[in-house]
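In the numbering used here, the protein residues as written are 971 to 1353.
Quick look at the structure:
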């Protein structure tokens, strides 16, 4: 399939490729829509109209993808956000009415985490895979990944943690980096004493954090990892940056000023403030820097680990994967897979060749599940 140049702005272009690679959008229609998008604000109405047209024509799968793009480009605190989110779910359920998907609500913190289960469709392995996304994802968009995992013989449970998708939009649950808490809630709800955990995009960080603290996780995949956001800057600058973040008045002014000048940064800032239910821009860098080596605790991870990354990932670059691999000193095994431009899989989360990435993922899951033989090393459950 490959990574397309739908739009001249990289951030917008990635979102269109995301829908295309996951099989929720038609290439021609994306090019036509991209020509009408001059700014982030154009995306909502452009894709809402396209979703309505596709649905009227009975093309519910692309209608689902366009509705998701309309929801994505809607500012998080807009009154249209929950409306477009619910319309997206309606179209998704229509498109996949014949799938074996079952929706669930996992009790959590006085509210609920949305989840869906999918039974193994291929020769069964007897294993279960928990699947979740990252910064701005919803679990429905990863249904094609869930289907590929199910076809490899695994039962799949996809869920949203606090701050994600319906957990935030419907149930009001705000973000929490301590991902072992939602993972434990999901395991408890489905009465699982053993499962693999796959975290996609920024979820790669949270998955590793949870694996180091939840003994029921048998294998873990970071697709890709983060390790520590400050490892994107020069080592000599890391301490000054951490110190600067403590000056909240200055940081708030700096974030507000820069967001006015950068539409992409404004989207990121708005999303983080929404995840936190905050109005203070100083919370944005603090939230990102809350994902760090000390908080992650890589030395606690004792499972088999797969790290997947694209060589030209603009969001979570290979340097973070290399740092993460080196830090996993107690893991039972560490497998790193770097995807290349020649494979058309060099972009973030391999949007461009999702088939290849899914084959790598499912092959690894089957391999380690077979070799574990029911006795995978367990993480230290102590806090």
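Glycine residues also receive a C-beta, built at the ideal position from the N, C-alpha and C atoms. On a predicted model such as this, the values are computed, not experimentally measured, just so you know.
For residue 1334, I'd like the list of residues in its chain whose CB is within less than 7 angstroms of its CB, leaving aside the five on either flank, ordered along the chain. 1276, 1305
Which class does residue 1162 belong to by DSSP, given the choice of helix, strand or coil? coil
Specify the secondary structure class of residue 1242 as computed by DSSP and reduced to three states. helix
So for residue 1193, helix, strand or coil by DSSP? strand
Excluding the 5 residues preceding and the 5 following residue 1196 in the sequence, name in chain order all residues of the same chain whose CB lies nearer than 7 angstroms to its CB. 1172, 1174, 1175, 1261, 1286, 1290
State the Cα-Cα distance for the pair residue 1265 and residue 1230, rounded to the nearest angstrom. 31 angstroms
Measure the alpha-carbon distance for residue 1258 versus residue 1199 and round it to whole angstroms. 7 angstroms
Can you list, in chain order, the residues of its chain with a C-beta nearer than 6 angstroms to that of residue 1159? Leave out the 5 residues immediately preceding and following it. 1076
Does the distance from the CB of residue 1033 to the CB of residue 1022 come in under 9 angstroms? yes
By DSSP, does residue 1201 sit in helix, in strand, or in coil? helix
Report buried or exposed for residue 1094, applying the criterion of at least 16 other Cβ atoms within 10 angstroms of its Cβ. exposed
Presumed contact (8 angstroms Cβ cut-off) between residue 1045 and residue 1240, rounded CB distance: 6 angstroms
Do you know offhand how far residue 1210's Cα is from residue 1268's? 24 angstroms
If distances are taken between C-alpha atoms only, which option among 1105, 1236, 1170, 1187 comes closest to residue 1320? 1170
Label residue 1207 either buried or exposed according to how many other C-beta atoms from any shown protein chain fall within 10 Å of its C-beta, with 16 as the threshold for buried. exposed
Just list the alpha helix (DSSP H) runs in the stretch 1264 to 1338, keeping only unbroken ones of 4 residues or longer that don't cross its boundaries, in chain order. 1288 to 1297
For residue 1089 and residue 1104, the rounded distance between their alpha carbons: 23 angstroms
Report yes or no: do the stretch 1118 to 1126 and the stretch 1141 to 1156 share at least 3 C-beta pairs separated by less than 8 angstroms? no
Is residue 1168 closer than 9 angstroms to residue 1101 when the C-beta atoms are compared? yes
Coarse secondary structure for residue 1001, derived from DSSP in three states: helix
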